[in-house]
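Notes to accompany the following structure.
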Amino acid sequence: MDLGLSLGYWGRARPEQLGTMAAGAEKSGFDAVCTIESWGSDAFSPLVLIAAHTERIKLGTGVVQISARTPAATAMHAVTLDHISNGRTILGLGVSGPQVVEGWYGMP
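Each position in the sequence shown, counted from 1, maps to that position plus 6 in the working numbering.
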């Protein structure tokens, strides 16, 4: 069985101890840590911070919204994170809902 830690997203400020929590999960034997994007934070940037505090744990987007960026931009974000983390990226994609897709991104 694989264990994963979901750190979610945040609004006004990043949660304190984000890197420390991920490092603790890694030390405790967790296999992956995931972040999501909605209402203020993206999923990729926190994983870069987490990559700097960890060595082994996989880094997952759970999920990034396909309406938020072009396919090429999504691929570039994922490849950059994968290079920074030495191959630990798990890319999760999703569609979100009309409030975000239409309201935030102006997509039908």
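Ideal placement from N, C-alpha and C gives every residue a C-beta, glycine not left out.
Bear in mind the structure is a predicted one, so any value in this text is a computation, not a measurement.
Could you tell me the boundaries of the alpha helix (DSSP H) in which residue i lies?
i, result
"alanine 81", "77-90"
"alanine 31", "24-33"
"glycine 46", "That residue, glycine 46, is in no alpha helix (DSSP H); it is neither H nor E in DSSP."
Where does residue i sit, in a helix, a strand or coil, going by DSSP?
i, result
"glycine 93", "coil"
"leucine 55", "helix"
"glycine 14", "coil"
"valine 107", "helix"
"glycine 112", "coil"
"leucine 99", "strand"
Compute the distance between the beta-carbons of residue i and residue j, then report whether it is under 8 Å.
i, j, result
"glycine 98", "isoleucine 56", "no"
"valine 69", "glycine 100", "yes"
"methionine 27", "leucine 13", "yes"
"glutamate 32", "glutamine 71", "no"
Cα-Cα, which of the options is closest to residue i?
i, options, result
"threonine 67", "Ala81, Thr95 and Glu22", "Thr95"
"glycine 30", "Glu61, Thr76 and His83", "Glu61"
"leucine 87", "Val101, Cys40 and Gln105", "Cys40"
"serine 73", "His83, Ala81 and Pro114", "Pro114"
The beta strand (DSSP E) with residue i in it runs from where to where?
i, result
"valine 69", "64-71"
"threonine 41", "38-41"
Can you give me the Cβ contacts of residue i inside the same chain, cut-off strictly under 8 Å, excluding the 5 residues immediately before and after it?
i, result
"alanine 84", "Phe50, Thr67, Thr95 and Leu97"
"tryptophan 16", "Gly46 and Ser47"
Taking 7 Å as the limit between beta carbons, can you name the residues of its chain near residue i, skipping five residues before and five after?
i, result
"serine 91", "Ala57 and Leu65"
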